[in-house]
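Line by line, the protein sequences are chains A and W.
Per the numbering used here, numbering of the first sequence is gapless, rising by one per residue and ending at 306.
Per the numbering used here, numbering of the second sequence is gapless, rising by one per residue and ending at 617.
Positions of the beta carbon are idealized from the N, C-alpha and C atoms, including for glycine.
Note that the structure is predicted; figures quoted are calculated from it, not measured.
Worksheet: one structure, shown below.
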Amino acid sequence: MNRQGFWGEVRKNKVLLMMLAPAVLFFLLFAYVPMAGIVLAFKQFNYDGGIFGSPWNGLDNFRFFFDSGNAWMVTRNTALYNIAFIIVNNVLQIAAAILLFEAVGKWFRKLTQTVMFLPYFISWVVVGAIAYNLFNYDVGTLNSILTAIGLERIDVYNTPSYWPFILVLVSAWKALGYGSVMYLAAITGIDTEMYEAAEIDGANVFQRIFHITIPNLYPTIIILVLLAVGNIFRGDFGMFYNMVGNNGLLFSSTDVIDTFVFRSLTTSNEIGLSAAAGFYQSILGFATILLANYAVRKYDKDHALF
Amino acid sequence: MSATITNETTALTRKGAGKKQVDRLLLTVLGYVFISLLAVLCIIPFLLIISSSLTEEAKIVENGFQLFPTAFSVDAYTLLFKYPAQMVKAYGVTVAVTAVGTLAGLFLTAMTAYVLQRKDFKWRNKFSFFFFFTTLFSGGLVPWYLMIVNYLDLKDRLIVLILPMLLNVFYIIVMKSFMSGIPEAITESAKIDGAGDFRIFIQLMLPLSKPALATIGLFIALAYWNDWYNALLFVSNENLMPLQYYLYKMLGNMDGMRRAMVSSGAVVTMNIPTESLKMAMTIVATGPILLAYPFIQRYFVQGLTIGAVKG
Chain A
1 MNRQGFWGEV
11 RKNKVLLMML
21 APAVLFFLLF
31 AYVPMAGIVL
41 AFKQFNYDGG
51 IFGSPWNGLD
61 NFRFFFDSGN
71 AWMVTRNTAL
81 YNIAFIIVNN
91 VLQIAAAILL
101 FEAVGKWFRK
111 LTQTVMFLPY
121 FISWVVVGAI
131 AYNLFNYDVG
141 TLNSILTAIG
151 LERIDVYNTP
161 SYWPFILVLV
171 SAWKALGYGS
181 VMYLAAITGI
191 DTEMYEAAEI
201 DGANVFQRIF
211 HITIPNLYPT
221 IIILVLLAVG
231 NIFRGDFGMF
241 YNMVGNNGLL
251 FSSTDVIDTF
261 VFRSLTTSNE
271 IGLSAAAGFY
281 QSILGFATIL
291 LANYAVRKYD
301 KDHALF
Chain W
307 MSATITNETT
317 ALTRKGAGKK
327 QVDRLLLTVL
337 GYVFISLLAV
347 LCIIPFLLII
357 SSSLTEEAKI
367 VENGFQLFPT
377 AFSVDAYTLL
387 FKYPAQMVKA
397 YGVTVAVTAV
407 GTLAGLFLTA
417 MTAYVLQRKD
427 FKWRNKFSFF
437 FFFTTLFSGG
447 LVPWYLMIVN
457 YLDLKDRLIV
467 LILPMLLNVF
477 YIIVMKSFMS
487 GIPEAITESA
497 KIDGAGDFRI
507 FIQLMLPLSK
517 PALATIGLFI
527 ALAYWNDWYN
537 ALLFVSNENL
547 MPLQYYLYKM
557 LGNMDGMRRA
567 MVSSGAVVTM
577 NIPTESLKMA
587 MTIVATGPIL
597 LAYPFIQRYF
607 VQGLTIGAVK
617 G
């Protein structure tokens, strides 16, 4: 009976199921089968055996990953960078959105918004070219300026301590336009009656911003931040790879889980180690996103992911 | 008595108004200064690249890159356009990948979204979760990489630049929520007339979804145009290098750049202006986006706003 119901449903939705088939196949091939491939983390990989035929080696890959100290370093870097990105990017984007809405004329707003959105459209490779233009030791613009005013050149690509600042700036630069448009949309959605009421009560613009605009943005801010926190263990590979590349001198302050996994796979060819680090990241990421979603759910059910 | 009170209140209001005006002015000044500063910081890197690409190589070696060209020269561009073989090839790959990937990806995104928003489809939530779960958990880079290289055997084939990015769960969700906003009555009457699900999708839903298709199509096209990651992982054949990856390679090493110019027809002994050439290549690789940008920017803003409202 139940079985008949199932096949009946299949027959009834034959066309719809066929329309869904390509996407289902896509996610099976590129997401679900690879998920089963996490067994590699517990194996000594060889090409003859492949994912499922290689011999098991227990927790050796993980032991190697954790004992080398790399696990702690890349986890710390990934989390700290993402925390810095979340704070700096959101503060800048909110400030820009409020000022775009409250302080400047329409024509100026359109123009500057267009300009600020530009970095979002270029690839990380081009950002890498910009970094090269700015920071190259011999011909970089920064050193052109420093030598022109009689100061010492600085060797950015050999100095790990500069990079946290550079990467935070680059991230803010690229995300500013996108984020401020989002916040601007949220501000535009605020009920104008509240502003009128504040006006009648004699509030000045700053009071209005701090007592009406920002509190009204709290839901948007909390949700965006929580969702970003859910991804705190996922590094932006494109950014780190194009800014730093395989420059080992900088790894202590720039290596994130994603770049470590990539290098273990492609450069040093340690497939087991790479799979173990990737598995570790997946579990960590899964746990944090569940937690973040739980937090969003508690705060506002409608905005939870699931 | 009452007259004094009125006087006092008007004086107060006037004073308040004056104070308010000062605040307003302060905010306006702050706004223009702060926003101008941000906008300038956003545009300067692009000006630097343009200026550097137009500076004489000898001057760059002597003084480094500058915001304004100290000695104007179009040598880098002349060389690029005189021996364009490699660059043209990379352009061809990128244009083909972007065109095919965007069309196929957009069609599949819309088709999937259409089924998932059909309220009479009993399993829509189960399938939605099947797709959505992939954003929460993944097997990581290694199994995905081995799947593509060892099992699907896609290494060094053009399709490897298209296939892995074909579908994105986020776009399916946005598309789905857009389509579920289209009144059911429209498709209902077609169904009564005996139109099949696929025909309803093609003839009714696709035309009605034009705004969402335009926005999502642009996001997909931008992702394909800017992609270098799949090439980094899966392409070693120089004929299959897309533009961004080609640029990445050229920025990485001057020897590679020299070799590329030579294989494009330049003479080995030629003095190649590597620094300005790197910058000129960056401009040529980004050019179409910079040119199309003013016209398409609007759609991105719209798309983001749809996404923001929907959450």
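Close-in-space but distant-in-sequence residues of the same chain around residue i (CB under 8 Å, 5 per side omitted)
{"i": "A/A194", "result": "Reading off the sequence, residue 194 of chain A comes out as Met, not Ala. I212, N216, listed in sequence order."}
{"i": "W/V475", "result": "F437, F438, T440, T441"}
{"i": "A/W56", "result": "F42, K43, Q44"}
For residue i, three-class secondary structure by DSSP
{"i": "A/W56", "result": "strand"}
{"i": "W/F378", "result": "strand"}
{"i": "W/T361", "result": "strand"}
{"i": "W/K461", "result": "coil"}
{"i": "W/K425", "result": "coil"}
{"i": "A/V296", "result": "helix"}
Buried versus exposed, by CB contacts within 10 Å (16 or more), residue i
{"i": "A/V10", "result": "exposed"}
{"i": "A/A292", "result": "buried"}
{"i": "A/Y280", "result": "buried"}
{"i": "A/S252", "result": "exposed"}
{"i": "W/N536", "result": "buried"}
{"i": "W/P513", "result": "exposed"}
{"i": "W/K432", "result": "exposed"}
{"i": "A/W72", "result": "exposed"}
{"i": "A/W7", "result": "exposed"}
{"i": "W/F387", "result": "exposed"}
{"i": "W/Q509", "result": "exposed"}
{"i": "W/F606", "result": "buried"}
{"i": "W/V448", "result": "buried"}
{"i": "W/D426", "result": "exposed"}
{"i": "A/R263", "result": "buried"}
{"i": "W/S358", "result": "buried"}
{"i": "A/A97", "result": "buried"}
Close Cβ partners of residue i (< 6 Å) along its chain, the five nearest in sequence each way excluded
{"i": "A/A287", "result": "none"}
{"i": "A/I51", "result": "G37, L40"}
{"i": "A/P160", "result": "L250, S252, S253"}
{"i": "A/L305", "result": "N293"}
{"i": "W/Y477", "result": "T415, I522"}
Chain-order list of residues whose beta-carbon lies under 7 Å from that of residue i (same chain, five-residue window excluded)
{"i": "A/N70", "result": "F260"}
{"i": "A/L290", "result": "none"}
{"i": "W/L557", "result": "K584"}
{"i": "W/G617", "result": "Reliability fails at W/G617, whose pLDDT of 37 lies under 50, so the model's placement of it is uncertain and the value that follows must be treated cautiously. Contacts found: none."}
{"i": "W/I454", "result": "L460, V466, P470, F540"}
{"i": "W/S542", "result": "D462"}
{"i": "A/G189", "result": "none"}
Cβ-heavy atom distance, residue i to the ligand ZN, below 7 Å
{"i": "W/L414", "result": "As for the ligand ZN, it is missing from this structure, which has no ligand bound."}
Any chain D beta carbon closer than 8 Å to residue i
{"i": "A/Y299", "result": "Absent here is chain D; the protein component of the structure consists of chains A and W."}
- Quick one, which residues of the region 165-192 of chain A are near chain W if we go by CB-CB under 8 Å, in chain order? W173, L176, G177, Y178, V181, M182, A185, A186, G189
- Message: Output needed in chain order: residues of the region 47-78 of chain A with a Cβ under 7 Å from some Cβ in chain W.
- Response: G50, I51
- Compile a chain-ordered list of the residues in the region 357-390 of chain W whose CB is closer than 8 Å to at least one CB of chain A. S358, I366, V367, N369, G370, F371, Q372, L373
- Message: Quick check for students: name the residue ranges of the alpha helix (DSSP H) that lie wholly in the region 120-170 of chain A, counting only runs of 4 or more.
- Response: 124-135, 141-148
- May I ask you to list, following chain order, the residues of the region 257-283 of chain A that have a beta carbon less than 7 Å from some beta carbon of chain W? V261, F262, L265, I271, S274, A275, G278, F279, Q281, S282
- Message: Threshold first: 4 residues or longer. Then list the alpha helix (DSSP H) segments lying entirely within the region 510-589 of chain W, N to C.
- Response: 516-532, 535-540, 549-558, 560-569
- What residues in the region 439-458 of chain W have a beta carbon less than 9 Å from any beta carbon of chain A? F439, T440, T441, L442, F443, S444, G445, G446, L447, V448, P449, W450, Y451, L452, M453, I454, N456, Y457, L458
- Task: Ignoring anything shorter than 4 residues or poking outside the region 242-286 of chain A, list the alpha helix (DSSP H) runs there in chain order.
- Result: 251-254, 257-266
- Item | Proximal residues, the region 7-18 of chain A versus chain W, C-beta separation under 7 Å | E9, N13, V15, L16
- Query: Name the residues in the region 334-345 of chain W whose C-beta lies less than 9 Å from a C-beta of chain A; which are they?
  - Reply: T334, V335, L336, G337, Y338, F340, I341, S342, L344, A345
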